[in-house]
Amino acid sequence: MNAPTSRAMTADRAYDPLSEQSHLDPYPTYSWLREHAPVYYCAARDVWVLSRYEDVRAALRDWNTFTSTGGVELADYVGFFGAGNCLEMDPPRHDVLRKVFTTRFSTKAIKTYESMVRATTVELLDGIEGASEVDLASVLTNRLPVLTICRLLGLPEADMPWAVEASIDMMTRPPDEVGPSAAAQRLRAQLVELFLREVDTRLSGVWSDDVLSDMAHAIQDGTMNRDEVQGATLLLIAAGMETTSSLMGNIVSAVASGQVDPQALLDDAGDLRPPAIDEFLRYDSPVQWLCRVATADAEVRGVRIPAGARVLMLYASANRDPEVFTHPDVINLDRDGSRNLSFGEGIHFCLGMPLAKLETRIGLGELFARYPRIIATDEPRRYPSHIIRGFDSIPVRVA
Ligand code: HEM
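All residue numbers for the sequence shown refer to the working numbering, where the first residue is 4 and numbers rise by one.
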């Protein structure tokens, strides 16, 4: 890879997306990057970093120059989900595969899932009835998203507990792990076996009203092939799980630490207010960054990024850009934060945004209605991931 020559890029304050500092509190470094090195080369990971809102947005829109086909993480996990993962594709194949899922994840369809999401939340909260000290990540914020996706996929209830635990374990990545572990690979294979069994059941004539049936129909009419079930299904599980868990967990943790008054989050119906959800998405982006690969030499702010280079898009920094959001480091629940880039931009814009917002609106509305007082009993513990910013443990007292 060509080493950068500009002083602007090789400034002495190092940013490493995999450092401990980036894991604990990346925001001061993002601020420094935006101001002093908006196009930064991180030699330790051989990756270029864009941190300003306009630059990240423009690059995400330009999929011809910044392709997803080289994978969107640092190199270790590229290709893990296998064929059918439209996150790692460009048009035209990307658009064909994505279309298989758009109706079922549209805003209109999502409205019809409201009672299912509410019932799932109530079921989870009933499980802690009578307890005063709980870990809200393990009982609610990390369970509701994955259960919801498994139900939308149409997995049999009997397979649900195993599928939920297997999905969570498959996605849990120790910080020092280089590539998927043997355990993650084994769980991946077992999950794919389950999805294929269910798709084959539908192809044999036992249809249902669910995502697995949509895929079986797409196989029948030649839109997708059976091999692509793996990547498509694992993407839905992975993309919708830790991301939404993090959004919910970040809000719960802010309430538990006293940073935010839960009543200020709620609307008249007792659900979470949409602007409050947008503000948390902006303030602490669940997906901090993802990558692209430059297909040709590209120039950003006068700096040349060489063809073949991996380019890291700092969504979380874009969302704190003072040129777009005034007082970006302050949580303002009445701000219009809807321009945030937390769901990406362009052709890969998050398919699950309406679902993620529905789960958060209803799931946390139900939680705060049942427990007006939620107080932290210990520090929450962060996911080991450097990409996903959220918690895998939020110990609290509820009343
Ligand atoms: C707060 C929750 C969520 C956040 C922050 C989030 C974030 C994102 C981001 C940043 C992207 C763009 C990736 C890129 O540019 O390469 C994306 C794509 C995607 N998301 Fe989400 N997501 C969330 C929830 C969900 C849910 C609930 C689902 C549903 C199953 C989902 C499914 C997807 C899919 C399938 C894609 C790929 C779209 C494509 O490549 O065309 N996400 N998400």
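Ideal placement from N, C-alpha and C gives every residue a C-beta, glycine not left out.
Residue i CB to nearest heavy atom of the ligand HEM below 7 Å
{"i": "A161", "result": "no"}
{"i": "R276", "result": "no"}
{"i": "S388", "result": "no"}
{"i": "F198", "result": "no"}
{"i": "L250", "result": "yes"}
{"i": "H97", "result": "yes"}
{"i": "V290", "result": "yes"}
{"i": "I350", "result": "yes"}
{"i": "E113", "result": "With the sequence shown as reference, residue 113 is identified as Ile, and Glu is not the correct amino acid for it. Every heavy atom of the ligand HEM is 7 Å or more from the Cβ of I113, so no."}
{"i": "Y318", "result": "yes"}
{"i": "V75", "result": "yes"}
{"i": "G2", "result": "Any question about residue 2 goes unanswered here, given that the chain covers just 4 to 402."}
{"i": "L358", "result": "yes"}
{"i": "G243", "result": "yes"}
{"i": "K71", "result": "The sequence shown places Ser at residue 71, not Lys. Flag set: Cβ of S71 near the ligand HEM."}
{"i": "P148", "result": "yes"}
{"i": "R101", "result": "yes"}
{"i": "G347", "result": "yes"}
{"i": "C153", "result": "no"}
{"i": "F83", "result": "no"}
{"i": "F328", "result": "no"}
{"i": "F2", "result": "In the structure as shown, the chain starts at 4 and stops at 402, and residue 2 therefore has no counterpart that could be examined."}
{"i": "T226", "result": "no"}
{"i": "F394", "result": "no"}
{"i": "T246", "result": "yes"}
{"i": "L239", "result": "yes"}
{"i": "G182", "result": "no"}
{"i": "G355", "result": "yes"}
{"i": "L158", "result": "no"}
{"i": "F371", "result": "no"}
{"i": "L143", "result": "no"}
{"i": "L90", "result": "yes"}
{"i": "S293", "result": "The identity of residue 293 in the sequence shown is Leu, whereas the question assumes Ser. Yes; taking the cut-off as 7 Å, the Cβ of L293 has a heavy atom of the ligand HEM nearer than that."}
{"i": "L268", "result": "no"}
{"i": "L63", "result": "yes"}
Burial state of residue i (16 or more Cβ within 10 Å)
{"i": "E160", "result": "exposed"}
{"i": "V181", "result": "exposed"}
{"i": "W165", "result": "exposed"}
{"i": "V419", "result": "Residue numbering for the chain in the displayed model covers 4 to 402; residue 419 lies beyond these limits and cannot be assessed."}
{"i": "V255", "result": "buried"}
{"i": "E362", "result": "buried"}
{"i": "H351", "result": "buried"}
{"i": "R200", "result": "exposed"}
{"i": "D212", "result": "exposed"}
{"i": "L143", "result": "buried"}
{"i": "A359", "result": "buried"}
{"i": "S71", "result": "buried"}
{"i": "E382", "result": "exposed"}
{"i": "H97", "result": "buried"}
{"i": "G85", "result": "buried"}
{"i": "D28", "result": "exposed"}
{"i": "E282", "result": "buried"}
{"i": "R342", "result": "exposed"}
{"i": "N403", "result": "Nothing can be reported for residue 403: it is not among the residues displayed for the chain, which extend from 4 to 402."}
{"i": "R384", "result": "exposed"}
{"i": "P20", "result": "buried"}
{"i": "S320", "result": "buried"}
{"i": "S170", "result": "buried"}
{"i": "P31", "result": "exposed"}
{"i": "T236", "result": "buried"}
Residues bridged to residue i (per DSSP)
{"i": "A297", "result": "F69"}
{"i": "V401", "result": "I377"}
{"i": "S118", "result": "S118 pairs with nothing; no bridge assigned."}
{"i": "E136", "result": "R400"}
{"i": "Y44", "result": "W51"}
{"i": "V394", "result": "For the sequence presented, residue 394 should be read as Phe rather than Val. Partner(s): R385."}
{"i": "E302", "result": "R307"}
{"i": "M92", "result": "Answer is none; M92 lacks a bridge partner."}
{"i": "L315", "result": "V52, C294"}
{"i": "L269", "result": "L275"}
Neighbour flag for residue i against chain B, beta carbons, 8 Å
{"i": "V50", "result": "The chain inventory of the structure shown lacks chain B, comprising one protein chain alone."}
Check: residue i C-beta below 7 Å from any heavy atom of the ligand PLP
{"i": "L367", "result": "This structure lacks the ligand PLP; the ligands present are the ligand HEM."}
(request) Count the C-beta pairs between the stretch 375-383 and the stretch 258-270 that are closer than 8 Å, then say yes if the count reaches three, no if not. (result) Contact holds: three or more Cβ-Cβ distances are below 8 Å.
(request) Please determine if the stretch 307-324 and the stretch 44-54 are in contact, where contact requires at least 3 C-beta pairs separated by less than 8 Å. (result) Here the stretch 307-324 lies against the stretch 44-54, with 3 or more beta-carbon pairs under 8 Å apart.
(request) Evaluate the contact criterion for the stretch 333-345 versus the stretch 106-116: three or more CB pairs, one atom per stretch, below 8 Å. (result) no
(message) I'd like to know if the stretch 220-229 and the stretch 139-155 are in contact, where contact means that at least 3 CB-CB pairs between them fall below 8 Å.
(response) no
(request) State whether the stretch 241-248 contacts the stretch 203-217, with contact taken as three or more CB pairs (one from each stretch) at a distance under 8 Å. (result) Verdict: no, contact absent.
(message) Three or more C-beta pairs under 8 Å: does that hold for the stretch 294-301 against the stretch 386-399?
(response) no
(message) Contact between the stretch 120-135 and the stretch 362-373 is defined here as three or more beta-carbon pairs at a separation below 8 Å; is this criterion met?
(response) yes
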